[in-house]
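Chains as they are written, first to last, in the working numbering: chain A, 1 to 233; chain B, 234 to 1236. By construction, the Cβ of each residue, glycine as well, lies at the ideal position given by its N, Cα and C atoms. Computed from a predicted model, the values in this text were never measured in an experiment.
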Amino acid sequence: MAFIEIKNLAKIYKMGEIEIKAIENVSFTIDEGELVVILGPSGAGKTTILNILGGMDSPTKGSIIVDGIDISKFNRKELTNYRRYDIGFVFQFYNLVGNLTALENVSLANQICKNPRDSKETLISVGLKNRMEHFPAQLSGGEQQRVSIARALAKNPKILLCDEPTGALDSKTGKMIIKLLQDTCHKTHTTTIIITHNAIISQIADKIIKVKNGTIESVEKNDHPKTVEEIDW
Amino acid sequence: MLIFKNALLKIKKQFGRFISLILIVALGAAFFAGVRETSSDMIKTLDDYYDKTNLLDFRIISTMGLTEDDLIALKNLNSNYLVEANYSYDTLINDEATKIYGITQNINKLELVSGRLPEKNNECVVLDGSYAIGETIIIDDNNYNDYIKNNTFNVVGTVDSSMYIYTNLGTTTVSDGKLDNVIFINKDNFNLKYYTEIYILDTIAQEKISYKDDYINQISILNTELKKLAPIQETKRYEQIKTDAMKKIYDAREKIAQEKNENEKKFTDAKKNLDDAQKQIDAGYLEIENSYKELENKRQELENNFKSQESSLNDSLNTINNKLTEINISTDNIEISINELNEKINEINNLLSNIDISSNEYLFYNNYLNEINTLLQNLEEIKNGYVSLTSSQNEWNASYNTTLNSLNENKANLDQKQITLNENYTTYNEIYNTFQSKLNESYQEITDAENEINNLEKPEWYLFDREDNSGYTTFYESATKIDSISAVFPIFFIAVAFLMCLNTMSRMIEEERTEIGIFYSLGISKSKITLSYVVYVLTATLMGILIGLAIGYSIIPRVLYKVYNSAFMIPTLNTYVNIPVCIIIIEVCIITMLIVTIYAVNRNFKEAPAMLLRPISPKSGHKVLLEKINFIWKRISFSWKVTCRNLFRYKKRIIMTLIGISGCTALLLTGFGIKDSISKITELQFNVIQKYDSILVLKNETNTINNEINNFLAAKNIDEPLYAYMETMTFYANNKNHNVYTLGFANTNIDNYFNLTNEQGEKINLDDNGAIITQKIAKLLNVDIGDTITIRDNNNEIYVLKVANIATNYVSNYIYMTQEYYELAINKINFNVLFTNINNTGKAIIDSNYFSSIQYTADSMDMLNDVINSMNNIVFLIIGFSSFLAITVLYNLTTINISERLREIATLKVLGFNDKEISMYVYRETIILTIIGIVLGIFFGIGLNYFVLTVAEIDEIVFIKDIQFLSYIYTFIIMIIFTIIVQIITSFILRKINMIDSLKSVE
């Protein structure tokens, strides 16, 4: 059985009489340790999938089984715990706490976990050995995103969810971040899901899920993912 | 149109913030307008009352009463002046000092509360709240007839009088000098020949607002005129009294003289008649006396005569008897002798017839016979002599007795006449003496009157204006006390409110930076963008002000006025809306809000539109000072470290929060502080300082300790009463007279009944070297130990006292002295009161006839508590408003805090922080700031409390400026409770924060 199994997922927003279907009939599976890219244009419904996968929202229909547990019927508290213990989240705009140092930002996350990784080691592993005591405003965008990744990883999550991790970065820095994610995924065997509209990034994925108009267009298994150095923006 | 829509959207978007903005403005405006307006409402209400009842401007009394001439002279001053004369009489009714007034028609009109006005002379009306309709009032004074026609009155109505609006009615000349009651009767019920007082009212001054400068200036004209008129009328009256009296004396003297003349002739005539009668009687006596003598002489002469006749007869008889014896004739009785002789003669004759005629024998016998015949003849003669003598004697004796009787009768007549005459003499003397003593009396009277005239002092006019009416002035002071509180409190209030608004607006504009940028880049003009915020602010501010003014002008003055209803007999409050103040409040609020808004919005326009679209580059974090103190920092848990960091992240926010919280805390604490300051007073004054339970007022003053009374009290288990003399005097400070009780004690040790301590709480003792004065006197006169003070009694006599010590005291003013010092510095004293611990045996005490009344300390405590309880209204108002403000401020600050960190919180949610952790993440800061704010606020509060109480202190009462420990606790707990309430509200807001927001780009 797959690590993540999504079946007939639908999210319908009701605005008065009108029903807006954000996603419908979404089904796919992800295996443990896989690096998955969910690819689609703006408004295709990938963020909705991300929200539901990340435990920030519940689906209207369908089931989503993570490591054998159906989270689709989770209540508020269960969802919080799911986010807390199972999910590491990397934001497009990093979302670091401005008045905490890089190290403290990482510590902020791992203090609520059961088996956190050491904050310093995590930061070293993302290449910020010399920037630990810096505040976000003193760091470049790429560095901030590394802190963000380190924060997510420090929680030792089952799933690392990355929302357009390169969206706010220039291509060079973006590449470095993607490389970090790929390396981490391979090294730590953390299931990593990257959401992006950038098709190039999908080349490095083990699995590519294409979303269009709220439905899954295709799920492709990539048996030979490229390294970051091989891809070109 | 777009602008208004946009403003409306802003309101909708953060409705809580909008409401809190309105509430803050409303609270500030309500408190500011209401508390400020109260005193002016009160003064206007009272001014209306004074106008309606025509309260006098001046009351004129004279040492010799006032006349019709005075009345006319006053009326002639100015046609704008209302003048009315009246009578009054101070007396005792049921041992209560009572002033009886005539009912005036034009000035000092009475307001009938219930019943009706008197129609008959035995009817009266009383001040509302004293006697009840139907009660009968009897004047104690037996000489009432000198003043009024009858001494018994039925109460037929109750009235309010603008002259007597205060429970303290003022002073009087009877009893202990404190007026207890006022009653009103018909004017024609008075027996007085002259008016006791004349009232004068300037109708122009009446149009001005009482107490205000315009009024004072207007009546100062009248005052000057009266002062000019006074000496003229005084002299007139003096001359008139003098002339009248002199003329009376002259007439009296003339009359006496005339009467004397007339009566003296009458008396002389009467005396002469009496003397003549006496003379006649005396002559009569003399005559009778002579007749007695004559009669006696005659009687003696005759008796001698008779005796000599008798003795010559006896001699003849003896001679004959000897011859008879010779011829053997018995001599025992003349008749027998005669008979025997006749027998002898017959015998001889017989013999002779038998014997010849010429015989010798015959001749012998014949000679013998002749001899015997001669004897018989002699004897017969003697016998006749005896008979003749006896008849002469008898005849005399009869005549003598007749004459004597007649004389005795005459004498008796004279005796009777003498008795009658003597009686007449007595009557005459009595009448004459009475007349004489009467004359002497009249002479004395005239002499006295003359002396009196010679010593006659000029009559003096006394002018009393409204300021001399304790009710009038006390009310004003009380009303302006609110002003003094309102000078500080609302400004503080407004300041807090203003800062909160400023904070809210600048925050809101910061938050909407991107929106401003979009509008700006779309080419919408600066003014239009600004306008949308201005509309928002103005809507909130105007709504707040209008709500605030409505509450402020209608509710607050009424709530505060209630306080004064217990101590004053005053009409219902008229509330007014002070349009100029409203306009000022609205203008000030709007202008400041506009400035703040326009400034905050325009700050954004300095940047290019493109820059505005980007987020503000985040401020770099700082390490806080605490981190450098390693050993502390190491021990703090990570979340607290985060809190510490966050705390110092935005200094502006810290300051704002601290100002808001500490301001509210200070206001709350001051509210409690005021409550403390007044609520403890009763306890301290009457249980700690003045420990006695009652004051017994002696019926008869005594100059020594009275053993009879002491024994009587001892029998009632009341030992060691403290004898003292008590009098109310005044001292002058801050342009007014203050009452003070002077006490002279029989003992130096008064510890059983008084506990006098100095400022440091050390016990102080009485001695003979000076007086102990209470702290308020010292403060008002600005004197210290060793200085002297000046006081004056009811007769305006001035005394100088040396200050031996200053005693802590909270209610009224006292000067404590030993008897010795009192007599040295003031006057010889007789004790008139006893301080005791009697608290319930009053009836027996009064029945004993030693005392005229008992003043229980418990009653005084009740009265003071009444006033204090009503003062609590202000306190509740302050506490209520402060609490409301506190909760609004806390809510406002917390919502701002959250909205500033919306993204951060959403991120934490995504990271898996649970609700509690997220709340705590925010609360930790709020709690620390709240606690720091409360602590700061407590310090501000102590200062504010001291300031407010110092400014607001009432003359009669010293406020305790120490805040009770419990009040700190209350303030702290209330603030914490509010914080918790606000946190509970915000926890719902926190829950609603959408995690998806964290995914959006930074605004």
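- Item | Beta-carbon neighbours of B/ASN879, restricted to chain A and to distances below 8 Å | Position 646 of the second sequence, counting from 1, holds the residue named residue 879 of chain B. Near B/ASN879 (Cβ distances below 8 Å), the residues of chain A are ASN99.
- Proximity test, Cβ basis, 8 Å: A/ASN156 and chain B: For the purposes of this step, residue 156 of chain A is taken as the residue at position 156 of the first sequence. Closer than 8 Å: no.
- Query: So B/GLY335 is in the beta strand (DSSP E); what residue range does that whole segment cover?
  - Reply: If you number the second sequence from 1, residue 335 of chain B lands on position 102. Element bounds for B/GLY335: 329-335.
- Comparing the C-beta of A/ARG84 with each C-beta of chain B, is any distance below 8 Å? Locating residue 84 of chain A in the first sequence gives position 84, where the first residue counts as 1. Yes, A/ARG84 counts as interfacial toward chain B.
- Item | Interface positions of the segment 730-762 of chain B facing chain A (Cβ-Cβ less than 9 Å), listed along the chain | none
- Query: Using a beta-carbon distance below 8 Å, is A/PHE74 in contact with chain B?
  - Reply: Counted from its first residue, the first sequence places residue 74 of chain A at position 74. Cβ-Cβ to chain B under 8 Å: no for A/PHE74.
- Task: Indicate the three-state DSSP secondary structure (helix, strand or coil) for B/GLU1236 in the structure shown.
- Result: One-based indexing of the second sequence puts residue 1236 of chain B at position 1003. Caution applies to B/GLU1236, whose pLDDT of 49 falls short of 50 and renders its modelled position unreliable; the value that the coordinates give is listed next. DSSP places B/GLU1236 in coil when its eight states are reduced to three.
- Query: Under the DSSP definition of a beta bridge, which residues are partnered with B/VAL1033?
  - Reply: Within the second sequence, residue 1033 of chain B is the residue found at index 800, counting from 1. Note: B/VAL1033 sits in a beta bridge opposite B/THR1023.
- What are the boundary residues of the beta strand (DSSP E) that B/THR233 is part of? The requested residue 233 of chain B does not occur in the structure, where chain B is confined to residues 234 to 1236.
- Message: For the beta strand (DSSP E) containing A/LYS21, name the first residue and the last one.
- Response: Here residue 21 of chain A is taken as the residue at index 21 of the first sequence, counted from 1. Where A/LYS21 is concerned, the enclosing beta strand (DSSP E) stretches over 18-30.
- Query: So the beta strand (DSSP E) B/PHE1084 belongs to, where does it begin and stop?
  - Reply: The residue you call residue 1084 of chain B lines up with position 851 of the second sequence. 1084-1089 is the span of the beta strand (DSSP E), which, as asked, contains B/PHE1084.
- What are the start and end residues of the beta strand (DSSP E) that includes A/CYS162? The sequence position of residue 162 of chain A within the first sequence is 162, counting from 1. That run of the beta strand (DSSP E) goes 159-163.
- How many Å lie between B/LEU1232 and A/ILE38 at the Cα? What you label residue 1232 of chain B is simply residue 999 of the second sequence in a count that begins at 1. What you label residue 38 of chain A is simply residue 38 of the first sequence in a count that begins at 1. For B/LEU1232 and A/ILE38, the distance between alpha carbons rounds to 17 Å.
- Message: Taking its Cβ as the centre, do 16 or more other Cβ atoms sit within 10 Å of B/VAL770, making it buried, or is it exposed?
- Response: Translated into positions along the second sequence, residue 770 of chain B becomes position 537. Counting Cβ neighbours within 10 Å, B/VAL770 comes out buried, since at least 16 surround it.
- Item | DSSP three-state assignment for B/ASP361, whether helix, strand or coil | Locating residue 361 of chain B in the second sequence gives position 128, counting from the first residue. Residue state, collapsed to three classes: coil.
- Message: Suppose only complete runs of 4+ residues qualify. What are the alpha helix (DSSP H) ranges in the segment 42-96 of chain A, listed by chain order?
- Response: 46-53, 76-86
- Task: Report the neighbours of A/ILE112 on chain B: residues whose CB is nearer than 9 Å to its CB, in chain order.
- Result: Counting from one through the first sequence, the residue named residue 112 of chain A turns up at place 112. Simply LEU1144, GLY1145, PHE1146, ASN1147, GLU1150.
- Message: Buried or exposed for A/GLU19, going by 16 or more other Cβ atoms inside 10 Å?
- Response: Against the first sequence, residue 19 of chain A aligns to sequence position 19. A/GLU19 comes out exposed.
- Item | C-beta atoms of B/THR707 and B/TYR399 nearer than 8 Å | On the second sequence, position 474 is the one that residue 707 of chain B refers to. On the second sequence, position 166 is the one that residue 399 of chain B refers to. It is a contact, given that the beta carbons lie within the stated cut-off.
- B/GLU745, buried or exposed, once every other Cβ within 10 Å from all chains shown has been counted against 16: Here residue 745 of chain B refers to the residue found at position 512 when the second sequence is read from its first residue. Counting Cβ neighbours within 10 Å, B/GLU745 comes out buried, since at least 16 surround it.
- Item | Proximal residues of chain A, C-beta to C-beta of B/PHE1221 below 9 Å | Indexing the second sequence from 1 puts residue 1221 of chain B at position 988. Ordered by position in chain A, no residue passes the 9 Å Cβ test against B/PHE1221, which lies about 13 Å from the chain.
- Check whether the Cβ of A/GLY54 lies closer than 8 Å to any Cβ atom in chain B. Locating residue 54 of chain A in the first sequence gives position 54, counting from the first residue. So yes, A/GLY54 belongs to the interface.
- Item | Cut-off 7 Å between Cβ atoms - residues of its own chain near B/ILE997, not counting five sequence neighbours on either side | As a first step, residue 997 of chain B must be located in the second sequence, where it is residue number 764. Closer than 7 Å at Cβ, skipping near neighbours: LEU989, THR990, ASN991, ILE1005, ASN1038, ALA1040.
- Query: Quick one: does B/LEU1231 have its CB under 8 Å from some CB of chain A?
  - Reply: One-based indexing of the second sequence puts residue 1231 of chain B at position 998. Note that residue 1231 of chain B is Ser in the sequence shown, not Leu. Chain A contact via Cβ: present.
- Item | Limits of the unbroken alpha helix (DSSP H) element including A/HIS186 | On the first sequence, position 186 is the one that residue 186 of chain A refers to. Run containing A/HIS186: 171-188, per the alpha helix (DSSP H) assignment.
- Boundaries of the alpha helix (DSSP H) in which B/ILE686 is found, first to last residue: Along the second sequence, one-based indexing puts residue 686 of chain B at 453. 593-688 is the span of the alpha helix (DSSP H), which, as asked, contains B/ILE686.
- Boundaries (first-last residue) of the beta strand (DSSP E) holding A/ILE4: Along the first sequence, read from residue 1 onward, the residue named residue 4 of chain A stands at position 4. It spans 4-15 - the beta strand (DSSP E) in which A/ILE4 sits, taken as one unbroken run.
- Task: Use the C-beta contact count for A/SER42: other C-beta atoms within 10 angstroms, 16 or more gives buried, fewer gives exposed.
- Result: Here residue 42 of chain A corresponds to residue number 42 of the first sequence, with the count starting at 1. Looking at its Cβ environment, which holds fewer than 16 other Cβ atoms inside 10 Å, A/SER42 is exposed.
- Can you list the residues of chain A that B/GLU1137 reaches, using a CB-CB cut of under 7 Å? On the second sequence, position 904 is the one that residue 1137 of chain B refers to. Those within 7 Å of B/GLU1137 in chain A are VAL97.
- Message: Here's the rule: buried if 16 or more other CB atoms are within 10 angstroms of the residue's CB, otherwise exposed. What is B/MET802?
- Response: Counting from 1 along the second sequence, the entry for residue 802 of chain B is found at position 569. The residue is buried, with at least 16 neighbouring Cβ atoms inside 10 Å.
- Item | Contact under 8 Å by Cβ, B/ASP1000 with B/THR981 | Walking along the second sequence from the start, residue 1000 of chain B turns up at place 767. Walking along the second sequence from the start, residue 981 of chain B turns up at place 748. Their beta carbons are under 8 Å apart, which means B/ASP1000 touches B/THR981 by this criterion.
- Query: From the beta carbon of A/ALA10, is the nearest beta carbon of chain B less than 8 Å away?
  - Reply: For this step, residue 10 of chain A is matched to residue 10 along the first sequence. It does not: the Cβ of A/ALA10 has no partner Cβ on chain B nearer than 8 Å.
- Straight-line CA distance for B/SER621 to B/ASN506? Within the second sequence, residue 621 of chain B is the residue found at index 388, counting from 1. Within the second sequence, residue 506 of chain B is the residue found at index 273, counting from 1. Computed Cα separation, rounded: 54 Å.
- Item | Nonlocal neighbours in the same chain, by C-beta distance under 8 Å from B/GLN1002, ignoring five residues either side | Here the question's residue 1002 of chain B lines up with position 769 in the second sequence. Here the sequence assigns Asn to residue 1002 of chain B, which means Gln is not the residue at that position. Around B/ASN1002: LYS1035, ALA1037, TYR1054.
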